Amino acid sequence: MKIAVFASGNGSNLQALIDAEKAGELSSGEITLVISDNPGAYALKRAEEAGIPTYVQAPKPGETRVSFDEKVTEVLRKKGIEFIVLAGFMRILSDAFVDEFAGKIMNIHPALLPSFKGACGIKDAFEYGVKITGVTVHFVDNVLDGGPVILQEAVPVLPEDTLESLEEKIHEAEHKLYPLAVRRFVDGKIKLEGRKVFFK
Ligand code: GRF
Numbered sequence: 007m008k009i010a011v012f013a014s015g016n017g018s019n020l021q022a023l024i025d026a027e028k029a030g031e032l033s034s035g036e037i038t039l040v041i042s043d044n045p046g047a048y049a050l051k052r053a054e055e056a057g058i059p060t061y062v063q064a065p066k067p068g069e070t071r072v073s074f075d076e077k078v079t080e081v082l083r084k085k086g087i088e089f090i091v092l093a094g095f096m097r098i099l100s101d102a103f104v105d106e107f108a109g110k111i112m113n114i115h116p117a118l119l120p121s122f123k124g125a126c127g128i129k130d131a132f133e134y135g136v137k138i139t140g141v142t143v144h145f146v147d148n149v150l151d152g153g154p155v156i157l158q159e160a161v162p163v164l165p166e167d168t169l170e171s172l173e174e175k176i177h178e179a180e181h182k183l184y185p186l187a188v189r190r191f192v193d194g195k196i197k198l199e200g201r202k203v204f205f206k
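For the sequence shown, the working numbering begins at 7 and goes up steadily by one.
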């Protein structure tokens, strides 16, 4: 199954997926393309080092979301991409894009959704003072961070935690959870009924 990973930044989740694929843990899943909207993303270096083709498309001033996404869709079609994995991709996808790949786009969020949606999930949870936060892997639909939940893992916030130590624990949990979710999808083991995800 041909996978495209979308990443805008560091790409540590991309790296976890690359490592999982190398270790034979993604079943027939193959990361065949890494897409970024940020030419400076370290994720691109990780892809290049792993020998994975990259496609970079920085948004042009004034360009609409729909036009941006149409170009990306074209690239995905040409490459025969069957599954899209968002890993720190900092753009909101257009409804048309989400509809085109309905049920085939996954995202990872660094909090227990539906709590602490948005770009600063770890910090928001830390500052709120929750005792438990975590990681969510979910399908992407037309609501930001709102699609059906696939897997979640709780991460306790201890009194001695700093934002930095919590970030570290969250990322560690992400790097374990994301490859598991990707593998289940690749193996056709995920069944979606309404908002609920079941495993076959
Ligand atoms: C992760 O915390 C992920 O949950 C969020 O963005 C961050 C990306 O980190 N969506 P990285 O680029 O994979 O290191």
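Glycine included, C-beta positions come from ideal geometry on N, C-alpha and C.
If you're wondering where the values come from, they're calculated on a predicted model, not measured in any experiment.
{"Asked": "Residues of its chain near Leu20, where Cβ-Cβ distance is below 6 Å and the 5 sequence neighbours each way are ignored", "Found": "Val11, Ala13, Ala49, Arg52, Ala93"}
{"Asked": "Contact the region 25–41 vs the region 113–124: 3+ CB pairs below 8 Å", "Found": "no"}
{"Asked": "Cβ-Cβ distance between Ser250 and Val72 below 8 Å", "Found": "Past the boundaries of the shown model lies residue 250; the chain is included only from 7 to 206, so the question cannot be answered."}
{"Asked": "Ala187 beta carbon less than 8 Å from that of Glu159", "Found": "no"}
{"Asked": "Residue burial classification, Ile128 (beta-carbon count within 10 angstroms, cutoff 16)", "Found": "buried"}
{"Asked": "7 Å CB neighbourhood of His177 in its chain, flanking five on each side removed", "Found": "Ser18"}
{"Asked": "Residue environment, Thr168, which counts as buried when at least 16 other CB atoms sit within 10 Å", "Found": "exposed"}
{"Asked": "Neighbourhood of ligand 1 [Cβ distance below 5 Å to any heavy atom], ordered by chain position", "Found": "Gly15, Asn16, Gly17, Ser18, Asn19, Ala93, Gly94, Ile114, Pro116"}
{"Asked": "Segments assigned beta strand (DSSP E), at least 3 residues, entirely inside the region 101–174", "Found": "111–115, 138–145, 155–162"}
{"Asked": "Integer Cβ distance of Val259 from Ile156, believed to fall under 8 Å", "Found": "Any question about residue 259 goes unanswered here, given that the chain covers just 7 to 206."}
{"Asked": "C-alpha distance - Tyr134 paired with Lys202, whole-angstrom precision", "Found": "28 Å"}
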